[in-house]
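Notes follow once the structure below has been shown.
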Amino acid sequence: MVIFQRRVLDLTETALTRFVTRVRRAAGVKGMVDVLVTSSAEMKALNRRFRGKDKATDVLSFPATADDIRKKFAGEIAISAEIAAENARALGHSPAQEVKILVLHGVLHLYGYDHETDNGQMARRENQLRARLRLPAGL
-13 MVIFQRRVLD
-3 LTETALTRFV
7 TRVRRAAGVK
17 GMVDVLVTSS
27 AEMKALNRRF
37 RGKDKATDVL
47 SFPATADDIR
57 KKFAGEIAIS
67 AEIAAENARA
77 LGHSPAQEVK
87 ILVLHGVLHL
97 YGYDHETDNG
107 QMARRENQLR
117 ARLRLPAGL
């Protein structure tokens, strides 16, 4: 399920839902993924509540519990539409592309990757999948 609390230029709910399915398959994630596209204020509140960090962030991932996995649910992703738009401007691509990049990043976290501890493994996988999904290359 995709929920837009904040709109993203040139990105529809249908298009993002299809993209989430493509990313799940490409990454090998079993189970459904819910995506919330929201405000930076909401992301700050979520980041504070779940990670103890009192600042907005571009994407958060919430992996499923063991019970959820048995029900074929992989987890949830929250994305800041405002930070995605800022990142897109800075990187020279569209906000829609940036949201898709953040979905990919979030799905990889749901799969179990952790770029803070994996010595570049997640970054390498993300770059492979960006090419496969025709997304702009990372920095």
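My numbering applies: residue -13 is where the sequence shown begins, and numbers increase by one.
Idealized CB from N, CA, C, for every residue including glycine.
Predicted, not measured: the structure shown is a model, and the values here were computed from it.
{"Query": "Cutoff 8 Å: D53 Cβ touching any chain C Cβ", "Result": "Structure shown: chain C not included; a single protein chain is present."}
{"Query": "7 Å CB neighbourhood of Q107 in its chain, flanking five on each side removed", "Result": "Y99"}
{"Query": "Bridge-paired residues (DSSP) for P49", "Result": "G61"}
{"Query": "S66, DSSP secondary structure in three states", "Result": "strand"}
{"Query": "The stretch 33 to 44 contacting the stretch 53 to 69, beta-carbon criterion three pairs below 8 Å", "Result": "yes"}
{"Query": "Where the beta strand (DSSP E) through T24 begins and ends", "Result": "M18 to T24"}
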